[in-house]
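Using UniProt numbering, the first residue of the sequence shown is number 1, and each one after it goes up by one.
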Amino acid sequence: MTTALAADREPPLVRGPGRLRRLRRDTVRYRWLFLLMLPGLLYFALFRFWPMYGARIAFKNYIPFLGIDGSEWVGFAHFQAFLSNPDFPRLLVNTLVIAALSLLVAFPLTIVLALLLNELRLHILKRTVQTLVYIPHFLSWTVVVSITALLFAIDTGPLWTFFAGLLGTDANMLADPDWFRPLVLMQMVWKDTGWGTIIFLAALAGVDQEQYEAAVIDGAGRWQRVRHITIPSILPTITVLLILHTGQILNTGFEQIYLMSNSLNRTVADVFDTYVYFAGIEQGAYSYSTAVGLFKAIVGLVLIFGTNWLAKRFNQQGIF
């Protein structure tokens, strides 16, 4: 009885001040980590979240002199105009073809290269090869396209001479619509395949080496070890990156496509990214081009949720 009365007289437990003290203590303790995190937070705040405020012009007839709030609200009129535009099917096909080439060719090549690098036992050779395949990633697309123009220049380019002799053609490959997609794919593979191996090599470094030793004792060959140990071990990483790549399927990259396109190959070179530039910057259709960009973002979001759901259905690890 006495204990119960004493309990009744005790003040309620106050959690707020304790949590605030803990928060202040952790902030002071990890202040340098928070300082290192600050540039990344500022980047996303300024270039990812703040522009969402201006995305409202996709639903307005934006006039710069009137401002966003003063412009007329038109709802989904710009989306309807884009989906009913005669250029929409061509833009969609061109974008999906380039995205499919990246997803079905460039992405698997990244995994294959990571597996090959992982099998190198001489560390000096491994580090040298890694450095060589990383270097193209740090070149801008302007440099890459300039190198491509030199290699495929008519009559003087070494690769033009090679393919012309192999295929028996004297076509201008830089202006030929049939050569646009292969050239873009070769640029993607050369520039980004090596850099993409970093994540897979990090995942491969975490594979339990005792599994390989047990497999060797059981008589498993190198290919069997790769098939039954290495690939299953990095499958969660592959699944997560595949989901993220699927969400970017409509983002083919503006700079590369814009620099590679010209008046002769524009039928296959026009994609959503370049269309937004031409409509928004050159023609001044700000609301319309914003609607196109917002359409891409919505489709990417749906694809991320869809592929994540499929991954869970096949008992794979998703991103959420």
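Glycine residues also receive a C-beta, built at the ideal position from the N, C-alpha and C atoms.
8 Å Cβ cutoff met for residue i and residue j
i: Val105; j: Leu167; result: no
i: Gly196; j: Gly247; result: no
i: Lys191; j: Pro108; result: no
i: Ser287; j: Ala55; result: no
i: Asn265; j: Asp155; result: no
i: Phe278; j: Phe82; result: no
i: Gln209; j: Thr148; result: no
i: residue 329; j: Gln316; result: Since the first residue of the chain shown is 1 and the last is 320, residue 329 is not available in this structure.
i: Val133; j: Leu101; result: no
i: His78; j: Ala297; result: no
i: Leu117; j: Gln130; result: yes
i: Ser289; j: Val302; result: no
Own chain, CB closer than 7 Å to residue i, minus 5 neighbours either side, in chain order
i: Ile243; result: Ile304, Thr307, Asn308, Ala311, Gly318, Ile319
i: Ala164; result: Asp170
i: Arg225; result: Tyr212, Ala215
i: Pro182; result: none
i: Trp73; result: Phe59, Lys60
i: Leu115; result: Val226, Thr230
i: Ile111; result: Phe200, Ile238
Nearest-angstrom Cα separation, counted from residue j out to residue i
i: Ile199; j: Thr252; result: 21 Å
i: Thr169; j: Ile217; result: 55 Å
i: Ala203; j: Gly194; result: 15 Å
i: Arg127; j: Val93; result: 40 Å
i: Phe162; j: Leu36; result: 50 Å
i: Leu150; j: Gln256; result: 16 Å
i: Leu241; j: Leu250; result: 16 Å
i: Gly206; j: Phe34; result: 28 Å
i: Val14; j: Trp50; result: Because the pLDDT at Val14 is just 44, under 50, the model does not fix this residue reliably, and the value given afterwards should be weighed accordingly. Roughly 37 Å separates the two Cα atoms.
i: Tyr282; j: Phe88; result: Inspection of the sequence shows that residue 282 is occupied by Glu rather than by Tyr. Approximately 18 Å between the Cα atoms of the pair.
Cβ neighbours of residue i in the same chain (closer than 6 Å, five flanking residues each side left out)
i: Pro12; result: Residue placement at Pro12 cannot be trusted, given a pLDDT of 47 that sits under 50; the coordinates are not used to answer.
i: Phe152; result: Leu159, Trp160, Met173, Leu174
Residues bridged to residue i [DSSP beta-bridge criterion]
i: Lys60; result: Trp73
Residues near residue i by beta carbon distance below 8 Å, same chain, minus five either side
i: Ser261; result: Phe180, Ala269, Asp270, Thr274
i: Pro259; result: In the sequence as presented, Pro is not what sits at residue 259; that position holds Leu. Cβ neighbours of Leu259 beyond the five flanking positions: Trp141, Thr142, Val145.
i: Arg24; result: none
i: Val189; result: Val105, Ala106, Leu109
i: Glu119; result: Arg222, Val226
i: Tyr43; result: none
Any non-hydrogen atom of the ligand MN closer than 7 Å to residue i Cβ
i: Pro64; result: Ligands displayed in this structure: none; no statement on the ligand MN is therefore possible.
Below-8 Å beta-carbon distance, residue i vs any chain B residue
i: Leu101; result: No chain B is present in this structure, which holds just one protein chain.
Length-filtered (4 minimum) alpha helix (DSSP H) runs lying within the segment 112-177: Counting only runs of 4 or more, we get 123-134, 141-151, 158-167.
Unbroken stretches of the alpha helix (DSSP H), 4 residues or longer, contained in the segment 195-219: Segments of the alpha helix (DSSP H) lying fully in the segment 195-219: 209-217.
In chain order, each alpha helix (DSSP H) run of at least 4 residues that lies wholly inside the segment 74-109: As far as the segment 74-109 is concerned, its whole alpha helix (DSSP H) runs of at least 4 residues are 77-83, 88-101.
Alpha helix (DSSP H) runs wholly inside the segment 254-278, at least 4 long, in chain order: When DSSP assignments are scanned along the segment 254-278, the uninterrupted stretches of alpha helix (DSSP H) that are 4 or more residues long and fall wholly within it turn out to be 254-260, 266-269, 272-277.
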